[in-house]
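*Asks:* Protein chains in written order, with this note's numbering: chain A, 1 to 344; chain B, 345 to 688.
From the three backbone atoms N, C-alpha and C, an ideal C-beta is built for every residue, glycine too.
Bear in mind that the values here come from a model prediction, so they are computed numbers and not experimental data.
(1) Taking a cut of 8 Å between CB atoms, which residues from the region 132-153 of chain A lie near chain B?
(2) Please list the terminal residues of the continuous beta strand (DSSP E) segment that includes residue 84/A.
(3) Would you give the residue range spanned by the alpha helix (DSSP H) that residue 18/A belongs to?
(4) Using Cβ-Cβ distances below 8 Å, what residues of the region 249-260 of chain A are close to chain B?
(5) Let me check understanding here. Comparing Cα to Cα, which of 17/A, 87/A, 56/A and 55/A lies closest to residue 40/A?
(6) Hey, how far is the Cα of residue 614/B from the Cα of residue 203/A?
(7) Cα separation between residue 183/A and residue 150/A?
(8) Does residue 117/A come within less than 8 Å of chain B when only Cβ atoms are used?
(9) When burial is assigned at 16 or more other CB atoms within 10 Å of the CB, is residue 284/A buried or exposed?
(10) If you run the structure through DSSP and keep just helix, strand and coil, what is residue 643/B?
(11) Cutting at 6 Å between CB atoms, please list the residues of its own chain near residue 32/A, excluding the five before and the five after it.
(12) Which of the three DSSP states is assigned to residue 217/A in this structure?
(13) With respect to the alpha helix (DSSP H) encompassing residue 480/B, which residues constitute its N-terminal and C-terminal limits?
(14) Cα separation between residue 13/A and residue 309/A?
(15) Looking only at its own chain, which residues have a Cβ that is under 6 Å from the Cβ of residue 314/A, when we skip the five neighbours before and after it?
(16) Mind the definition here: the region 247-257 of chain A touches the region 143-160 of chain A only if three or more C-beta pairs lie below 8 Å; say whether that holds.
(17) For residue 564/B and chain A, any beta-carbon pair shorter than 8 Å?
(18) My assumption, with CB atoms under 8 Å, is that residue 64/A sits in contact with residue 94/A. Please give the rounded CB distance.
(19) Please report the Cβ distance between residue 72/A and residue 108/A, rounded to the nearest whole angstrom; I am assuming they are in contact, meaning their Cβ atoms lie under 8 Å.
(20) In this structure, does DSSP put residue 413/B in helix, strand or coil?
(21) Could you name the residues that DSSP lists as bridge partners for residue 289/B?
(22) So that I know if they touch, is there some Cβ in chain A lying closer than 8 Å to that of residue 588/B?
(23) Should the region 150-161 of chain A be regarded as contacting the region 194-203 of chain A, the criterion being three or more beta carbon pairs within less than 8 Å?
(24) Taking residue 355/B as the reference, give the member of 477/B, 348/B, 470/B and 393/B with the closest Cα.
(25) Indicate whether the contact test is met: 3 or more Cβ pairs, each with one atom in the region 259-276 of chain A and one in the region 600-614 of chain B, closer than 8 Å.
(26) Give me the Cα-Cα distance between residue 422/B and residue 460/B, rounded to the nearest whole angstrom.
(27) Take residue 122/A as the anchor and find which of 339/A, 330/A and 335/A has the nearest alpha-carbon.
(28) Can you give the Cα-Cα distance for residue 327/A and residue 569/B, rounded to whole angstroms?
(29) What is the residue span of the alpha helix (DSSP H) that residue 484/B lies within?
(30) May I ask which residues mark the beginning and end of the alpha helix (DSSP H) holding residue 633/B?
(31) In its own chain, which residues sit with a C-beta less than 6 Å from the C-beta of residue 80/A, not counting the 5 before and 5 after it?
(32) Determine which residues of the region 192-203 of chain A have a Cβ less than 8 Å from any Cβ of chain B, and write them out in chain order.
(33) Among 52/A, 169/A and 206/A, whose alpha-carbon lies nearest the alpha-carbon of residue 335/A?
(34) Let me check one thing: in DSSP terms, what residues is residue 9/A bridge-paired to?
(35) Where residue 20/A and residue 168/A are concerned, what is the direct C-alpha to C-alpha distance, given to the nearest angstrom?
(36) Is residue 428/B near the ligand GTP, judged by its Cβ being under 7 Å from some heavy atom?
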């Protein structure tokens, strides 16, 4: 069986580097028979870890040596100029060259965006890449976009997010008409800042979008919309605040259940339920944020992802490759741009 | 014993009106021997409920009749012009007249702000009132400011919030040097939008402020700062998103613990622990948000507050009266304004 597509993995990225990225890649290869992986990183390190897993000669695994690594706190613009020999740069380059169809990295988010933009270029009509990720809801999950890639978004940017996110959800989640909500401080028309008011008008003019109007912060986890569109500053803070509260709850549960012997016994009994809940609920656990708007697929994993989480990020890239997301976004954008130039 | 201060209560405000506000007021009178309360509302309704509680002749309770009520969805600016006979308007007016030292309302937030500004006037140097409220942390609580009163805040507004909040925490929470953090999408200097970058420079120039730099969304519930300063749009969405996640967790816990008989039994055993946790954690339960920057004390209760919650909002007003918060804010602002005009 021949491999039908190849995904480049920045094997050095993230808090744990190849110790996590390599086993996760091997897991993904098992799950996806048409997948080929290009591991980009310091060759000796990669070989050492592959040897430990007895997978030095995996038929669907290739290595690409890189000299350096982009540090987690490195300035994105500097990284683009100075780190042309880094695992992140070379992984993205392999997508630009057509050698790979997607890139997955757990490295520096800002650098990944700036390098992605510099190496892969933006789709026509899109100014800056945006980040989207799934958050848990009562009966599944919904997506937020943007999650911190763009601050000070104009109404036009919010519209671009809505179009891109909507197309991605149609493709990856197979939702025929994803409900798009605009994050605001109230559901009434008069609420909010100038950007969201103007964006709301722009969104409601799009016949291809299933725009449901403003949604408030608490609607995100209630699943009122399939896609919640927001400025990256707001989205990032909303998601991280919620993660913070989830962590606080988890700590308080632990304290509460260890206060005395009776409660410790109770906790033992309840442990499976608690574990199940933690898995379902931690918004940080659903891994694999997509960078949308680039001429290529780039998936960002949490820096602290473990083997399972990083493997989930690879799955996300696989779905986007199979569904040809950037091309579909591009087609939709073209239609929108034609309409808006025709109406001018 | 003579009553030393009087608090006006908008008895008609909130989802439940006098059925909640009156018993809550009676509870507060029991707790605070120097407190006198002016109940503002439809006289017959108030008398009926007071009679039910056998408190028609409470020596520290007065009634003030009002004809109308500000609706929860009424436009604030219209309410200010048209509702001069409303319970909210007359309660605020009693503070402006000096008859009362504070006002508590569970009514329409926007109307309370606009009326508060119109009737009580702003402190010199402050443009718009800001809302602050406590959120739970691991070992107590911290405050967020602003929570939705102001959208599109300038750096100067964020500085005003920091000064006002800091003074309030010194007074009400008895913290000598409250740690002030600025909400941002990263802790590094280069992150964020223009407003927060500029605000950070302004804050670090204030020798009276204990400014600790940028904090991220997850730091809010971790208690890294005593006061988290942010634009009202961002603060409102961060708080409501977190509330949404807390509700989702609570629902998932219920589903998880009712899946089979064994789990239902387990839930019965764990019930006291779960209830205790819910009380500690729901960010919506800590009631009593303060409107800062006005020439008078105004406390906003959740619209859906029950007797205990509304009573807690009255306590918040009592603390602010006892600590003379607006005057202390005003003094601090004066010092700041003198310094900044001297340095010009």
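*Replies:* In brief:
(1) Against chain B - using a Cβ distance shorter than 8 Å - the residues of the region 132-153 of chain A are 136, 137, 138, 148, 151 and 152.
(2) Within the first chain, numbered from 1, the residue matching residue 84/A stands at position 84. Looking at the DSSP string, residue 84/A is not in any beta strand (DSSP E), and its letter there is neither H nor E.
(3) Position 18 of the first chain holds residue 18/A. From DSSP, the alpha helix (DSSP H) with residue 18/A extends over 18-31.
(4) 249, 251, 252, 253, 256 and 257
(5) Translated into the one-based positions of the first chain, residue 40/A becomes position 40. With distances taken between Cα atoms, residue 40/A lies closest to 87/A.
(6) As a working note, residue 614/B is residue 270 in the second chain. As a working note, residue 203/A is residue 203 in the first chain. When rounded, the distance between both Cα atoms is 47 Å.
(7) What you label residue 183/A is simply residue 183 of the first chain in a count that begins at 1. What you label residue 150/A is simply residue 150 of the first chain in a count that begins at 1. Between residue 183/A and residue 150/A, the C-alpha separation is close to 15 Å.
(8) Counting from one through the first chain, the residue named residue 117/A turns up at place 117. Answer no: the Cβ-Cβ gap between residue 117/A and chain B never drops below 8 Å.
(9) Translated into the one-based positions of the first chain, residue 284/A becomes position 284. Confidence is the limiting factor: at residue 284/A the pLDDT is only 48, short of 50, which leaves the residue's position unreliable and the question unanswerable from this model.
(10) Locating residue 643/B in the second chain gives position 299, where the first residue counts as 1. If DSSP states are grouped into helix, strand and coil, residue 643/B belongs with the strands.
(11) In the first chain, residue 32/A corresponds to position 32, counting from 1. Hits under 6 Å: 318.
(12) On the first chain, position 217 is the one that residue 217/A refers to. Three-state result, residue 217/A: helix.
(13) For this step, residue 480/B is matched to residue 136 along the second chain. Not the alpha helix (DSSP H): residue 480/B falls in the beta strand (DSSP E), residues 474-481.
(14) Here residue 13/A is taken as the residue at index 13 of the first chain, counted from 1. Here residue 309/A is taken as the residue at index 309 of the first chain, counted from 1. Cα to Cα, the separation comes out at about 14 Å.
(15) For the purposes of this step, residue 314/A is taken as the residue at position 314 of the first chain. Taken in chain order, the residues that qualify are 28 and 104.
(16) The region 247-257 of chain A and the region 143-160 of chain A do not touch, with fewer than 3 CB-CB distances between them shorter than 8 Å.
(17) Stepping through the second chain from its first residue, residue 564/B is reached at position 220. Chain A, which has a Cβ nearer than 8 Å to the Cβ of residue 564/B, makes this yes.
(18) Taking the first residue of the first chain as 1, we reach residue 64/A at position 64. Taking the first residue of the first chain as 1, we reach residue 94/A at position 94. The pair is a contact, with the Cβ atoms about 7 Å apart (cut-off 8 Å).
(19) In the first chain, counting from the first residue as 1, residue 72/A sits at position 72. In the first chain, counting from the first residue as 1, residue 108/A sits at position 108. At roughly 5 Å, the Cβ-Cβ gap stays under 8 Å, so residue 72/A and residue 108/A are in contact.
(20) The residue you call residue 413/B lines up with position 69 of the second chain. Coil.
(21) Residue coverage of chain B in this structure runs from 345 to 688, which leaves residue 289/B outside it and unanswerable.
(22) Taking the second chain and counting its residues from 1, the one referred to as residue 588/B is at position 244. Yes, contact with chain A.
(23) yes
(24) Translated into positions along the second chain, residue 355/B becomes position 11. Nearest of 477/B, 348/B, 470/B and 393/B to residue 355/B, Cα basis: 393/B.
(25) With a cut-off of 8 Å, the region 600-614 of chain B and the region 259-276 of chain A count as touching, because enough Cβ pairs lie within range.
(26) By one-based count along the second chain, residue 422/B stands at place 78. By one-based count along the second chain, residue 460/B stands at place 116. The straight-line gap from Cα to Cα measures roughly 14 Å.
(27) Start at 1 with the first residue of the first chain, and residue 122/A comes out as number 122. For the residues 339/A, 330/A and 335/A, the minimum Cα distance to residue 122/A belongs to 330/A.
(28) The sequence position of residue 327/A within the first chain is 327, counting from 1. The sequence position of residue 569/B within the second chain is 225, counting from 1. The C-alpha of residue 327/A lies about 45 Å from the C-alpha of residue 569/B.
(29) As a working note, residue 484/B is residue 140 in the second chain. Segment 484-489 is the beta strand (DSSP E) holding residue 484/B; no alpha helix (DSSP H) there.
(30) Within the second chain, numbered from 1, the residue matching residue 633/B stands at position 289. Premise fails: residue 633/B lies in the beta strand (DSSP E), 633-636, not in any alpha helix (DSSP H).
(31) In the first chain, the residue the question calls residue 80/A occupies position 80. Apart from the 5 residues on each side of it in sequence, residue 80/A sits with its Cβ closer than 6 Å to the Cβ of 114, 115 and 118 in its chain, given in chain order.
(32) 192, 193 and 194
(33) Numbered from its first residue, the first chain carries residue 335/A at position 335. Of the candidates 52/A, 169/A and 206/A, the one whose C-alpha sits nearest the C-alpha of residue 335/A is 206/A.
(34) Within the first chain, numbered from 1, the residue matching residue 9/A stands at position 9. Per DSSP, 39/A and 104/A.
(35) Looking up residue 20/A in the first chain gives position 20. Looking up residue 168/A in the first chain gives position 168. When rounded, the distance between both Cα atoms is 27 Å.
(36) Looking for the ligand GTP in the displayed structure turns up nothing, as the structure carries no ligands at all.
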